[in-house]
Amino acid sequence: MTDFLRLAEEIAREAGEMLLAKRPTMSREIETKSSPTDVVTALDKASEALIRERITAARPGDRILGEEQGEAPGESDVRWIVDPIDGTVNFLYGLPDWAVSIAVEVAGEVVAGVVNVPARGEVYTAARGEGAWLGGERLHCNTGVPLPQALIGTGFGYAKARREVQGEVVAKVLPRVRDIRRGGSCAIDICSVAAGRLDGYYERGVNKWDFAAAALVATESGARIGGLHGRPIGPEFALCAAPGLFEELHDLLASLDPLRGA
Numbered sequence: 004m005t006d007f008l009r010l011a012e013e014i015a016r017e018a019g020e021m022l023l024a025k026r027p028t029m030s031r032e033i034e035t036k037s038s039p040t041d042v043v044t045a046l047d048k049a050s051e052a053l054i055r056e057r058i059t060a061a062r063p064g065d066r067i068l069g070e071e072q073g074e075a076p077g078e079s080d081v082r083w084i085v086d087p088i089d090g091t092v093n094f095l096y097g098l099p100d101w102a103v104s105i106a107v108e109v110a111g112e113v114v115a116g117v118v119n120v121p122a123r124g125e126v127y128t129a130a131r132g133e134g135a136w137l138g139g140e141r142l143h144c145n146t147g148v149p150l151p152q153a154l155i156g157t158g159f160g161y162a163k164a165r166r167e168v169q170g171e172v173v174a175k176v177l178p179r180v181r182d183i184r185r186g187g188s189c190a191i192d193i194c195s196v197a198a199g200r201l202d203g204y205y206e207r208g209v210n211k212w213d214f215a216a217a218a219l220v221a222t223e224s225g226a227r228i229g230g231l232h233g234r235p236i237g238p239e240f241a242l243c244a245a246p247g248l249f250e251e252l253h254d255l256l257a258s259l260d261p262l263r264g265a
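In structure tokens, the structure reads:
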């Protein structure tokens, strides 16, 4: 796991440095994907290409799943899960909360994860059973926080119908918690729970590459992560908080039927 983590961190740092250097000249080369608000830049593609090249050079038999190019087959039971820029809209607008996320999965279990936030100079790392770290500081999520005193992060989808439901849900959550934050990066939001910068986080519609590395950081910090009604975290729903708050937030959200509609 140490070797996996070291390689993932090296590659995530290199991709982050490239993105910082080239963003002013290339970030306006954009396309859209699922909707007019779901953007992808030339640098999303360049970052993923760089990451894939580095992984393949170091470990040619491994599989790679990336947001922009899908899954590349391999012969080993190792799969790399890559988000070349999580928080592309932030990146496009020059906001700091975007990240390069790389996770390493062995036989279906994520064993190492790196979330590099280049604009902030912060790199979150975790290895299975070895803790979560931000730089040289070991991370521990906030514990003992009741729902009315919890700072909660969330995000919104790209489709209009889904956004309407998410707006209705957050309007019901807001009076029940300390406050709401919308940062714009699933990976950073989950890592923020690990670092105690948020008490909890929820979102509908996130993908494996968005949360794979960050989920390991969170669980290694002591947080619980999952979906609704005992299901695992996935595109249907993502929920993260310390035990206790997790259950309180889950029950509130479940009562609001956040999965209704599209």
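Residue numbers (the working numbering): 4 to 265. The beta carbon of each residue, even a glycine, is placed where N, CA and C say it ideally should be.
Quick one: measure Cβ to Cβ for residue i and residue j, integer angstroms, because I've assumed they're closer than 8 Å.
i, j, result
"I193", "F214", "6 Å"
"L142", "S224", "4 Å"
"A18", "P87", "7 Å"
"R55", "N119", "About 16 Å separates the two Cβ atoms, so there is no contact after all."
"P261", "V180", "Wrong, their Cβ atoms sit about 15 Å apart, outside the cutoff."
"E71", "K48", "5 Å"
"A279", "A115", "Beyond the ends of the chain as shown, which are 4 and 265, falls residue 279; an answer cannot be given."
"D80", "S188", "D80 to S188, Cβ: 29 Å. No contact."
"A190", "D89", "4 Å"
"S50", "L22", "6 Å"
In angstroms, rounded to a whole number, what distance separates the CA positions of residue i and residue j?
i, j, result
"P58", "K25", "Checking the displayed sequence, the identity of residue 58 turns out to be Ile instead of Pro. Their Cα atoms are separated by approximately 21 Å."
"I14", "G230", "30 Å"
"L248", "E239", "20 Å"
"A257", "E250", "10 Å"
"V85", "E206", "19 Å"
"L46", "E74", "19 Å"
"G156", "E34", "27 Å"
"A244", "V148", "10 Å"
"V113", "A221", "12 Å"
"Y204", "L242", "6 Å"
"A130", "P178", "37 Å"
"R227", "G158", "18 Å"
"R66", "G237", "20 Å"
"P121", "T44", "17 Å"
"V92", "L154", "23 Å"
"D254", "A61", "45 Å"
"A110", "R82", "8 Å"
"G139", "A218", "19 Å"
"G132", "M4", "10 Å"
"L150", "P246", "12 Å"
"T137", "A216", "A small correction: the amino acid at residue 137 is Leu; Thr does not occupy that position in the sequence shown. C-alpha separation (whole angstroms): 13 Å."
"L68", "W212", "8 Å"
"R9", "T146", "30 Å"
"G64", "A52", "17 Å"
"R123", "L98", "10 Å"
"L252", "L259", "11 Å"
"P208", "G160", "Per the sequence presented here, residue 208 reads as Gly, with Pro not at that position. Whole-angstrom Cα-Cα distance: 6 Å."
"R166", "G186", "16 Å"
"S104", "D6", "17 Å"
"R234", "R263", "16 Å"
With DSSP as the reference, please indicate the residues paired to residue i in a beta bridge.
i, result
"Y161", "Y161 pairs with nothing; no bridge assigned."
"T222", "T222 is not bridged to any residue."
"L154", "D182"
"T128", "V117, W136"
"L242", "Y205, G229"
"R141", "W136"
task: State whether the stretch 166-174 contacts the stretch 194-203, with contact taken as three or more CB pairs (one from each stretch) at a distance under 8 Å.
output: no
- prompt: Which runs of the alpha helix (DSSP H) spanning at least 4 residues fall entirely within the stretch 29-115, listed in chain order?
  reply: 45-61, 91-96
query: Taking only runs of the alpha helix (DSSP H) that begin and end inside the stretch 4-30, which ones reach a length of at least 4 residues, in chain order?
result: 5-29
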